[in-house]
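Take the sequence shown: its letter number 54 is residue 90 in our numbering, and every next letter is one higher.
The beta carbon of each residue, even a glycine, is placed where N, CA and C say it ideally should be.
Here is the structure we will look at, set down as structure tokens.
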Amino acid sequence: MAKFELSKHALEQIELRNLTLEMVDSVLSAPDSIFEEGDGQKIYQGVVERDTKDYLLRIFVNGTKTPNLVKTVYLTSKIKKYE
37 MAKFELSKHA LEQIELRNLT LEMVDSVLSA PDSIFEEGDG QKIYQGVVER DTKDYLLRIF
97 VNGTKTPNLV KTVYLTSKIK KYE
């Protein structure tokens, strides 16, 4: 598995959105899907459960940095939209 570093913004978003580092690590370690953008950005996605409901955790990563830099993180209930 690639190494990841969390940006200040990503850490702020994790706290603001009441996410856990374990949720982020889980998706980065075993994503349901990874989308690659042309500029080196990767979007890691995985379904996580919160309050007995499924959400899609989307993690935006700068893959050109070493270690890979997590830029931002968010949850969405619109799982089908991003499949």
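Would you grab the beta carbon distance between residue i and residue j for me? Rounded to a whole angstrom, and I think it's under 8 angstroms.
i: Val-109; j: Val-60; result: 6 angstroms
i: Tyr-118; j: Leu-93; result: About 10 angstroms; that fails the 8 angstroms criterion.
Less than 8 angstroms between the C-beta atoms of residue i and residue j, yes or no?
i: Thr-100; j: Gly-76; result: yes
i: Glu-41; j: Leu-105; result: yes
i: Ser-43; j: Lys-107; result: yes
Applying the 10 Å Cβ sphere with the 16-neighbour rule, what's the burial state of residue i?
i: Ala-66; result: exposed
i: Val-83; result: exposed
With distances taken Cα to Cα, identify the nearest neighbour of residue i among the options.
i: Gln-81; options: Glu-73, Glu-72, Val-63; result: Val-63
i: Lys-114; options: Phe-71, Lys-89, Leu-105, Ile-50; result: Lys-89
i: Glu-58; options: Glu-85, Lys-107, Thr-112; result: Glu-85
i: Asp-87; options: Lys-116, Asn-54, Glu-48; result: Asn-54
i: Leu-111; options: Lys-44, Glu-72, Gln-49, Lys-39; result: Gln-49
Is residue i near the ligand PLP, going by C-beta to nearest heavy atom under 7 angstroms?
i: Glu-58; result: Only the bare structure without any ligand can be found here, which leaves the ligand PLP out of the picture.
- Residue ranges of each alpha helix (DSSP H) run of no fewer than 4 residues wholly in the region 40-66, ordered along the chain? Fully enclosed alpha helix (DSSP H) runs of 4 or longer: 44-52, 57-65.
- Message: Suppose only complete runs of 3+ residues qualify. What are the beta strand (DSSP E) ranges in the region 70-119, listed by chain order?
- Response: 77-86, 89-98, 104-112
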